[in-house]
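Residue numbers (the working numbering): 5 to 142.
Just below is one structure, and these are the notes that go with it.
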């Protein structure tokens, strides 16, 4: 194998790995992994409005969430449901604070903004399908 061919193979392998990991490509640009912040946010907002959607969001693996902030909120929702507690901004904030994550997600104000975000509980299956599709592509 020629050195040029070997170098090209190594370069392509490095670019493929960088693409999977969301790291910089050979030209220095950052490649984003597939995700949809809007669907993540909408699903969590719908979960605050609907116990059924909260259960659906809690059933998702944490790896589905691209945003670590959204994953922390989803984990808090799951914990609250496991404990038989209601899912609403105040209980989510208490749960996050108990686990040391409240400041990391932006504090209580971030949860209030999330609760007011536009989202339709009836669209929860669409949000979930979008998140799962992006997760599979990552």
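The C-beta atom is built at its ideal place from N, Cα and C for all residues, glycine as well.
Fair warning: this is a prediction, and the values are worked out from it, not measured in the lab.
Legend entry - Anticipated Cβ contact below 8 Å, residue 97 with residue 106, distance rounded: 6 Å
Inset, instruction - Go ahead and label residue 39 buried or exposed: buried means 16 or more other beta carbons lie within 10 angstroms of its beta carbon, across all protein chains shown. - result: buried
Inset, instruction - Rank 58, 79, 57 and 88 by C-alpha distance to the C-alpha of residue 66 and give the top, closest one. - result: 79
Inset, instruction - Could you tell me if residue 82 is buried or exposed, where buried requires 16 or more neighbouring beta carbons within 10 angstroms of its beta carbon? - result: buried
Legend entry - Buried versus exposed call for residue 123 [16 or more other C-beta atoms within 10 Å across all chains shown]: buried
Legend entry - Proximity winner among 34, 56 and 87, relative to residue 125 (alpha-carbon distances): 56
Inset, instruction - Please report how far the alpha carbon of residue 127 lies from the alpha carbon of residue 45, in whole angstroms. - result: Taking the straight line joining both Cα atoms gives about 12 Å.
Inset, instruction - Give me the Cα-Cα distance between residue 54 and residue 48, rounded to the nearest whole angstrom. - result: 10 Å
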